Amino acid sequence: MVNPVLVEVTRGGRVESRHRGAAVAVDAAGKTIFSTGETSTPIFPRSAIKAMQALPLVESGAADAYGFGDREIALACSSHSGQPEHVAVAGAMLKAAGRDVGALECGCHWPFNMKVATKLAASGEKLTALHNNCSGKHAGFVCAACHLGHSPAGYINYDHPVQVMVREALGDLTGAHYGVDNCGTDGCSIPTYAVPLPAVAHGVAKLVTGEGLAPERAKAARRIVKACMAEPFYVAGSRRACTRLMELAPGKIFAKTGAEGVFCAALPEQGVGVAVKCDDGGTRAAEAMIAAILALLVDGDDALRDGLRAMSGHTISNWNGIETGHVRVTEALS
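If you're matching positions, the sequence shown starts at 166 in my numbering and goes up one per residue.
In structure tokens, the structure reads:
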């Protein structure tokens with residue numbers, strides 16, 4: 166099956182580019198609410214499931230032992246922009262566990278935020294793993310390991326106790342298989358697993374509702390989601406799609422992007438989880454898809470629906486500020 170075109174990019178009144186993809190919305194009981202495209206093909210959810218990967222940090226008691234609040238938990242779920250606030254919280258998390266940046270095994274890269282990256286380069290300040298967009302997640306892994314009495318060394322490896330805990334949590338939430346046979350290596354070096362899109366959406370729905378989870382896991386899941394919605398800046402950063410979606414309706418939307426055109430979101434009050442995958446890996450298309458689907462699903466809030474529709478498409482301008490075209494979703498999502 167060839168996936169449908171879900172997003173178009175125009176120029177001069179003509180369609181210049183097309184993005185194909187698949188999308189699905191599932192409730193906490195596993196019922197499909199919306200679906201388009203070939204959703205049964207396994208995909209790597211990448212960073213879109215970081216909130217699920219953060220469960221060991223909370224469930225183990227590490228978050229409480231180290232005095233973590235909403236910001237630290239949100240950062241543990243983040244793909245942050247490397248802004249000073251993000252770097253500071255990641256460093257403080259490590260310090261709480263008696264560790265420093267040397268414990269991180271995610272590697273380093275320039276901050277996603279261009280202004281921050283330019284200022285960092287101009288200052289001559291050393292680029293470190295704290296600037297990696299995944300440093301909060303990795304700090305969470307280090308803290309969980311230390312609290313449980315495990316050496317954090319090698320926490321990125323498939324058989325490290327923390328990754329075993331992550332794998333168990335993912336399986337519980339999504340109902341999918343997690344093993345060596347469907348395992349790849351993520352950009353930040355931890356294991357990532359190819360699973361069907363509906364399983365991901367179902368996992369997100371269970372995460373935000375706690376339905377079908379043991380009481381302690383359900384409590385931890387809700388705490389993680391509430392932390393992300395309370396501190397959306399620490400989940401992503403200035404002008405990022407995750408942050409904007411959660412700021413659009415505080416407490417009503419949970420959202421998390423992933424690499425290669427994956428995006429997950431949920432409407433906690435409705436108990437619905439959403440997962441999308443853009444075939445070509447385009448972030449701009451995945452952002453448009455997720456906003457459009459949330460607009461289709463949101464119930465009884467016209468203002469929020471209008472805001473989501475506005476986010477599902479936008480004008481493109483060139484470097485002189487001249488309007489050149491639009492990003493828009495197709496009829497399949499409108």
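Note that the Cβ used here is the ideal one computed from N, Cα and C, for glycine as well.
None of the values given here were measured: they were computed from a predicted structure.
For S477, no alpha helix (DSSP H) segment is defined, and its DSSP state is neither H nor E.
Straight across, the Cα-Cα distance linking S288 with H296 is about 15 Å.
Contact between V427 and R185 fails: their C-beta atoms lie close to 14 Å from each other, not under 8 Å. Between the alpha carbons of P326 and L313 lies a distance of about 9 Å. Between E488 and A385, the alpha-carbon positions lie close to 46 Å from each other. Here V307 really is in contact with Y320; their C-beta atoms are around 6 Å apart, less than 8 Å. Contact between the stretch 263 to 274 and the stretch 208 to 226 is not established, with fewer than three Cβ pairs separated by less than 8 Å. Inter-residue distance for D229 and V223 is about 7 Å (C-alpha atoms, whole angstroms). Nearest in C-alpha terms to D235, of all of S246, A255 and G247, is A255.
In the DSSP assignment, I198 falls within the unbroken beta strand (DSSP E) covering T197 to T201. Excluding residues up to 5 positions away in sequence, D192, A193, A370, V373, T374 and E376 lie with their Cβ nearer than 8 Å to the Cβ of G436 in the same chain. With respect to the C-alpha of G438, the residue from T175, T357, Q328 and A188 having the closest C-alpha is A188.
When rounded, the separation of the alpha-carbon atoms in C299 and H245 is 7 Å. Given a length threshold of 4 residues, each whole run of the alpha helix (DSSP H) inside the stretch 344 to 426 is given here in chain order: 362 to 374, 380 to 395 and 406 to 413.
The secondary-structure analysis by DSSP pairs L432 across a beta bridge with V437. Residue burial annotation: G202 is buried, with at least 16 other C-beta atoms found within 10 angstroms of its C-beta. Taking C-beta separations shorter than 6 Å and ignoring five residues to either side along the sequence, the partners of A304 in its chain run A255, M258 and L259, following chain order.
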